[in-house]
Amino acid sequence: MEYKNKNGHVNLSLENNIAIAQFSGNLELELLSNFKIALFETIQSFKGEKWGYISDSSNVVAATPQAEQEMVAISHNMQQNNCLISAFVLTSPIAISQMQRIMQNAKRDVSFKDCLFDNLESAKHFILNELNNDLS
Numbered sequence: 001m002e003y004k005n006k007n008g009h010v011n012l013s014l015e016n017n018i019a020i021a022q023f024s025g026n027l028e029l030e031l032l033s034n035f036k037i038a039l040f041e042t043i044q045s046f047k048g049e050k051w052g053y054i055s056d057s058s059n060v061v062a063a064t065p066q067a068e069q070e071m072v073a074i075s076h077n078m079q080q081n082n083c084l085i086s087a088f089v090l091t092s093p094i095a096i097s098q099m100q101r102i103m104q105n106a107k108r109d110v111s112f113k114d115c116l117f118d119n120l121e122s123a124k125h126f127i128l129n130e131l132n133n134d135l136s
């Protein structure tokens, strides 16, 4: 799935039981609404199994307040749909601060610092370890 508008871009892909969203630009409500629909259609293929999520937002500047609220709702829905763990690839100080606030508002019981990475490969390694540890 790929969606683009004048402000930003998202590409959603799957690797095993990991949903990977690669965002760029500024995140706003229209972009995230389209992403949410695609994400929840995509994870139906997991058929109730536990899965992980990576937000590769290394090319994101910031999100609008409405987009932040939508991300809180998406996070709640992910948890209700067996998302075991999330990881974030962020480089913008504004985006990092916003994601910390989103995780707090979503009441996700995780240490944000443990889920924050500066590259996609490290985030994948973390998610795979978490999924494998939970399944064993």
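Going by UniProt numbering, the first residue of the sequence shown is number 1, and it counts up by one from there. We treat Cβ as the ideally placed atom computed from N, Cα and C, and that holds for glycine.
Cβ separation of residue i and residue j, assumed to be a contact under 8 Å, to the nearest whole Å
{"i": "L95", "j": "F117", "result": "Residue 95 is actually Ala in this sequence, not Leu. Incorrect: roughly 13 Å between the Cβ atoms, too far for contact."}
Same chain only: Cβ atoms within 6 Å of residue i, ignoring 5 sequence neighbours per side
{"i": "N11", "result": "E2 and Q22"}
{"i": "I74", "result": "K36"}
{"i": "S7", "result": "The residue asked about is misnamed: residue 7 is Asn in this sequence, not Ser. Same-chain partners within the cutoff: G25, N26 and E28."}
{"i": "F112", "result": "Q100 and M103"}
{"i": "F126", "result": "A87"}
Neighbourhood of residue i by C-beta, 8 Å cutoff - its chain only, sequence neighbours within 5 removed
{"i": "Q44", "result": "none"}
{"i": "A67", "result": "L27, E28, L29, L31 and L32"}
{"i": "K47", "result": "none"}
Residues bridged to residue i [DSSP beta-bridge criterion]
{"i": "Q80", "result": "In the DSSP output, where bridge partners are listed per residue, Q80 has none listed."}
{"i": "residue 137", "result": "Absent from the model: residue 137. The displayed extent of the chain is 1 to 136, so no value can be given."}
{"i": "L31", "result": "BP columns for L31 are empty, so no partner."}
Three-state class that DSSP yields for residue i in the structure shown
{"i": "D56", "result": "strand"}
{"i": "A123", "result": "helix"}
{"i": "N105", "result": "helix"}
{"i": "V110", "result": "coil"}
Below-8 Å beta-carbon distance, residue i vs any chain B residue
{"i": "F46", "result": "The structure shown has no chain B; it contains just one protein chain."}
Own chain, CB closer than 7 Å to residue i, minus 5 neighbours either side, in chain order
{"i": "E49", "result": "N17 and N82"}
{"i": "T91", "result": "S58 and D118"}
Would you check if there are 3 or more beta carbon pairs closer than 8 Å linking the region 71-85 to the region 100-117?
yes
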